[in-house]
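Our numbering runs 12 ahead of the 1-based position in the sequence shown.
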Amino acid sequence: MSEGNGRPSKITIIAWSGDLDRIWPTLILATTAVASGMQATVFFTFWGLFALVKPEYARKTGSNWMQRMLAIYNPGSVGKAKLSKMNFAGIGPKMLSKLARDYKTPHPTELLEMARDMGVNLVPCQMTMDMLGLKREHLLDGLPEPIGAATALLEMKEADIQLFI
């Protein structure tokens, strides 16, 4: 899709939650947008940023006791995300994953890889990284430089579609 001015349409999504049922549609929308000829940026902030944490660093980040405690209670990485509702003591994500397999819907771990391969701009929030004690080496390889809120707002201002998921 492109606008009348010849440039591709653009979507910017703010991913503030690391819950499986929020990260999943975020990645579906971003990959669908790129597959449709749009440019897509996802700005990962607060709990959403943990979707970009490498699995080997899940629950192991932070340099002080508060950061470490927050990391321990956050599953970290998209593959370990919980549901915001109907988590059913951890069975909910497994049920949803099985339904996704049965209906040939990619899991967020696959969607995240697809998004990277397709050119979705997956951007970490610098302020959240600082506040929660996350370092670049804790995040997936190949991500762009982290940005702050001011740059994220400029990104949203230039987008045709802005979503907060």
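Note that beta-carbon positions come from the ideal geometry of N, C-alpha and C, so glycine has one too.
Comparing alpha carbon positions, the residue from ALA47, GLY74, TYR115, THR163 closest to VAL135 is THR163.
In the three-state DSSP reduction, ILE23 falls in the strand class (E or B). The continuous beta strand (DSSP E) containing ILE173 extends over residues 173–176. A straight line joining the alpha-carbon of ALA63 with that of GLY102 spans about 17 Å.
Of all alpha-carbon atoms in LYS22, ILE35, ASP153, LYS169, the one lying nearest the alpha-carbon of VAL90 is that of ILE35. Bounds of the beta strand (DSSP E) holding ALA52 are 51–56. With at least 16 other beta carbons inside 10 angstroms of its own, ASP31 counts as buried. Of the other Cβ atoms in all chains shown, fewer than 16 fall within 10 Å of the Cβ of ASP153; this residue is therefore exposed. At a Cβ-Cβ threshold of 8 Å, SER29 and SER109 do not count as neighbours. When the Cα atoms are used, ALA70 and ASN86 turn out to be separated by approximately 8 Å.
In the structure shown, the three-state DSSP call for PRO105 is helix. With distances taken between CA atoms, THR44 lies nearest to ILE23 out of ILE23, LEU61, ASP33, PHE58. Taking MET130 as the centre and dropping the five residues before and after it, the same chain places the C-beta of THR43, VAL46, ALA47 closer than 8 Å to its C-beta, in chain order. For LEU39, no pairing in a beta bridge is given by DSSP.
Within its own chain, the residues whose Cβ lies closer than 6 Å to the Cβ of THR73, once the five positions on either side in sequence are excluded, are ALA83, GLY145, LEU146, HIS150, listed in chain order.
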